[in-house]
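For reference, the structure discussed in these notes is given below.
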Amino acid sequence: MIIGLFNDWVVVVLMMIGLYIVIAHGNLIKKLVGLSIFQTSVYIFYISMAKVEGGSAPILAESIKQFSNPLPHVLILTAIVVGIATTALGLALVVRIKEAYGSVEEEDIQHLDNQTQTESPKKVLEGDQA
Amino acid sequence: MISHLPVLQVIVPLMAAPLCLLLRRAQLVWLFALLASSLAFLISILLLQQVMTSGVISYELGGWEAPWGIEYRIDKLNAFLLLIITAISTVVLIAAQTSIEKEIPKEKHTLFYILYLLSLTGMLGIVSTGDAFNVFVFLEISSLSAYALIALGNDRRALWASYQYLIMGTIGATFILIGIGLMYQMTGTLNMEDLSQRLPQVAQTRTVFTAFVFVIVGVCLKLALFPLHLWLPNAYAYAPSIVTVFFAATATKVAIYLLIRFTFTVFGLSFSFTTLPLQGLFLTLGLAGIFVASSAAIYQKNVKHIFAYSSIAQVGYIIVGISTSTVMGLTATLLHLFNHALMKSAIFLALGAVVYRLGTIQLSSFHGLGRQMPLTMAAVTIGGLSLIGVPLTVGFVSKWYLLIALIEKGWWLVAILILLGSLLAVVYVWRIVEAAYFKEPLAGSMPVKEAPMLFLIPIWTLIIANIYFGLDTRLSVQVAQSAAQGLFGVSP
Chain A
1 MIIGLFNDWV VVVLMMIGLY IVIAHGNLIK KLVGLSIFQT SVYIFYISMA
51 KVEGGSAPIL AESIKQFSNP LPHVLILTAI VVGIATTALG LALVVRIKEA
101 YGSVEEEDIQ HLDNQTQTES PKKVLEGDQA
Chain B
131 MISHLPVLQV IVPLMAAPLC LLLRRAQLVW LFALLASSLA FLISILLLQQ
181 VMTSGVISYE LGGWEAPWGI EYRIDKLNAF LLLIITAIST VVLIAAQTSI
231 EKEIPKEKHT LFYILYLLSL TGMLGIVSTG DAFNVFVFLE ISSLSAYALI
281 ALGNDRRALW ASYQYLIMGT IGATFILIGI GLMYQMTGTL NMEDLSQRLP
331 QVAQTRTVFT AFVFVIVGVC LKLALFPLHL WLPNAYAYAP SIVTVFFAAT
381 ATKVAIYLLI RFTFTVFGLS FSFTTLPLQG LFLTLGLAGI FVASSAAIYQ
431 KNVKHIFAYS SIAQVGYIIV GISTSTVMGL TATLLHLFNH ALMKSAIFLA
481 LGAVVYRLGT IQLSSFHGLG RQMPLTMAAV TIGGLSLIGV PLTVGFVSKW
531 YLLIALIEKG WWLVAILILL GSLLAVVYVW RIVEAAYFKE PLAGSMPVKE
581 APMLFLIPIW TLIIANIYFG LDTRLSVQVA QSAAQGLFGV SP
C-alpha cells in the first residue's frame, strides 16, 4: 500500500507543504514559492501517472516494445509554461507592491490599507510612500 | 467559412491581440479591438442561429478525430454563453477609450487592449472547447490577463487585490488540473463527451469522488461562491472601471458555465446530485451567500464595493437555481446569467462614468449627483431596480422563474428566503438613490457635467436591453429553456 503508491505519497506531501506555505506565511515571495511547490506536485502527479514500468520513451523502433504514455507528459509541458507565467506575473506584482507600499509583508500592507481607509477617501496614487 | 465558425470565435480575438502592437496609436488600437470584438459578436450570433436550427456543432481542431484530437463543441448552452460574453465585451469597448484616458497612463493603453482581447479569448475558449484539459489552458489565459488588468488600477490597493486574486485563482485552477488528471487516470480520455460516457462505469471509486471534489472546489473558487469569494470585492473595486464592467458581467458567468458543464454533462446529473450531496451543499452556500453578501453590501462606503458584494449575492441566486436540479431551476439559472450580465454591466459602466467625472467612487461624493448627471444616475437607478427584481425589468423575469422552480419543487421556505434576500437589495440600492437624489451636494464640491456621449450610448443600450428583455422574454427564455432541456437530455 505505502510502497505501491510511493509516487502519490510524494505528491500529496509536496502539495500539503506548498499549500501550507501559501496559507501560513505572510511574506509575499514565500507565498509564491509555496504556490510553485504546490504546482510542481501536480506536475509530478501527471508525470508519474503516465510512467509504465519498464517502458521507454515513445520512439518508433523495432527494439522498443513497451513505452510510457506520452500524452500526460505533453500536457504537463503546457502546465509548466502556465506555472512559469504565473510565477513571473506574481513576482512582477510583488515588485510593484514593494514600490507602492514599501514592504512585502502581508501584515504591513493590510495595516497601511486600513490607515488609508480611515484617513480620507482621497485617491492614493501608485508609488506613494505611506 | 461557415463550418469554421467555432474555431474562428476564439481565433479572431487571439490573433487580434498581438496585432494591436503594430498599430501603436491608442485610438487606432481601440477601433481595432472594437472591430475584433464586434466580429466575435457576429460569429456568436451566427453560431446561435445555427445551433438553434440544426443542433450541436462539433468541430475537430486540425482535423483530428474527436476523442483523440481537441474537439470544439457548441451546443445551445455554449452558444448562449458566447453570445452574452461577446455582446457585453463589444458594448463595453465602446466606452473603453474615454474611460481609460482618465485612469490608465497613456503608454499603457495599447497593452490594456491586448490584455483585454486575451482575456476575452480565454473566456470564449473555455466556453467553446469540449476538451477538459483545454479548459484549463484557456482558464489560465483569461486569468493571467485578468490579474494584469486588475493591477492596472491607479490605486495601490489594486496591486494587492490583484496579488490576492492571483494566489486564489492559481490554487483554484490547479485544483481543476488535479481533478482533470484524476479523471484521465480513471478513464484515459480528456474529451468531455467521452468522459461523460466512461465515468459512470467507474463512478463508485474513490478516485472519481476525489476528482469531482477537486474540480468543484476549483470552479467554485473561480466563481466566487460564498465562502470562497474573498478575492472578489477588492479586485472589482480597485480595477480600472472598464475592467470591472467586463469581469463583473462575464468572468463569473464563465465559471458558472464550467460548474454546470462539469456537474451536468461530465459527471452526470445522477452522480452529482444523487450519489453526492451537492444539492444540500449548493442550497446552503447559495442562501448563505445571498444573505451574507447582501448584508455586507449595505455597510460599504465605496459604491463599487456595494455592487461587488451584490455580485456575490447574485451568484448565490444562480447557485440556488442549480441546486434545484430541475429543468425549471436550470432555466432560471441560465436566464439569470444573461440578465445579471445585462444589469451589472449597465450599473458598473454608469459608475465608470461617475469616476470619469468625479475621480472618486465614495458614496459621500454621490450627494446631489442626481441633478448633475441625470442620465447616468437614472441608469444606476434602473439597473438597481432590475437587481432588486422589480417588474418590467430583466431582474424580475429571472427571479420569477426561480420562484416558480422553487415552488414546483415544494421548497416554500427557500422561496420566502429568496424574497427576503431581495429586500436586502432594496436597502443597498436605496442608499445610492438617496445619496444621489435626496441629499444636497457637499459644500465646496465642484459642479460636474453629464457623462460624455461615448459613455451614455453604451450605458443606455444596456439599460434599454434591461427593459426590453424584461418585457419581451421570448428570445432569452426560449434559448435558456432549450439549453436547460438539452442538459437534462430532454428533447425539446
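Those sequence lines, one after another, are chains A and B. So that you can map any letter, position 11 of the first sequence is 11 in the working numbering, and since no number is skipped, the others follow by simple counting. So that you can map any letter, position 33 of the second sequence is 163 in the working numbering, and since no number is skipped, the others follow by simple counting. Glycine residues also receive a C-beta, built at the ideal position from the N, C-alpha and C atoms.
- When Cβ-Cβ separations below 9 Å define contact, G416(B) makes no contact with chain A.
- With respect to A163(B), Y277(B) sits apart: the two C-beta atoms are not nearer than 9 Å.
- Residues of chain B with a Cβ closer than 9 Å to the Cβ of Q39(A) are, in chain order, T300, T304 and L307.
- At a cut-off of 9 Å between beta carbons, F266(B) contacts chain A.
- Counting along the chain, R203(B) sits inside the beta strand (DSSP E) bounded by residues E201 to I204.
- Counting C-beta pairs closer than 8 Å gives fewer than three between the stretch 484–496 of chain B and the stretch 544–553 of chain B, which falls short of the contact rule.
- Closest option to L360(B), judged by alpha-carbon separation, among T319(B), A443(B) and L177(B): A443(B).
- Within its own chain, the residues whose Cβ lies closer than 8 Å to the Cβ of P143(B), once the five positions on either side in sequence are excluded, are A166, S167, A170, L247, L248, L250, T251 and L254, listed in chain order.
- Non-local beta-carbon contacts of L138(B) in its own chain, meaning distances under 6 Å to residues more than five positions away in sequence, involve I173 in chain order.
- Per the C-alpha coordinates, the member of A462(B), L553(B) and S441(B) positioned closest to A423(B) is S441(B).
- Taking 7 Å as the cut-off between beta carbons, the residues of the stretch 25–58 of chain A near chain B are L28, K31, L35, F38, Q39, V42, F45, Y46 and M49, in sequence order.
- Apart from sequence neighbours up to five positions away, the residues of its chain that approach V445(B) with a beta-carbon distance below 7 Å are L353, A354, L355, T382 and G419, ordered along the chain.
- Per the Cβ contact rule, the stretch 401–416 of chain B is not in contact with the stretch 466–478 of chain B (fewer than 3 Cβ pairs under 8 Å).
- Not a single C-beta of chain A is nearer than 9 Å to the C-beta of A333(B).
- Remark: fewer than three beta-carbon pairs, one from each stretch, lie closer than 8 Å, so the stretch 368–384 of chain B and the stretch 320–339 of chain B are not flagged as touching.
- Nearest CB-CB separation between L60(A) and chain B: not below the 9 Å threshold.
- Of all residues in the stretch 180–204 of chain B, none is placed with a Cβ closer than 7 Å to any Cβ belonging to chain A.
- Shown in chain order are the members of the stretch 77–94 of chain A whose Cβ falls below 8 Å from a Cβ of chain B: T78, A79, V82, A85, T86, L89, G90, L93 and V94.
- Beyond the five residues adjoining it in sequence on each side, Y567(B) comes within less than 6 Å, by CB distance, of G500 in the same chain, given in chain order.
- Note on W590(B): 16 or more other CB atoms within 10 angstroms of its CB, so buried under the neighbour-count rule.
- If you check the CB distance, V396(B) and L325(B) come in under 9 Å.
- Secondary-structure assignment with DSSP links S229(B) through no beta bridge to anything.
- When secondary structure is reduced to three states using DSSP, S494(B) falls in the helix class.
- The Cβ atoms of I390(B) and L207(B) sit closer than 9 Å to each other.
- For G616(B), same chain residues with a beta-carbon under 7 Å away, outside a window of 5 residues either side, are D205, K206 and L207 in chain order.
- Listed along chain B, no residue sits closer than 8 Å to Y20(A) by beta-carbon distance, the nearest being about 12 Å off.
- V607(B) has its alpha-carbon roughly 11 Å from the corresponding atom of M458(B).
- With contacts defined by Cβ atoms closer than 9 Å, A217(B) and Y243(B) do not form a contacting pair.
- Counting along the chain, S326(B) sits inside no beta strand (DSSP E); it lies in the alpha helix (DSSP H) bounded by residues M322 to R328.
- Taking a Cβ-Cβ threshold of 9 Å, none of the residues of chain A is close to W361(B); the smallest such distance is about 13 Å.
- Counting along the chain, the unbroken alpha helix (DSSP H) around S528(B) starts and ends at V524 to E538.
- Remark: C-beta atoms of L515(B) and V557(B) do not approach each other more closely than 9 Å.
- The beta carbon of S326(B) sits no closer than 9 Å to any beta carbon of chain A.
- With fewer than 16 other Cβ atoms from the protein chains shown falling within 10 Å of its own Cβ, L543(B) counts as exposed.
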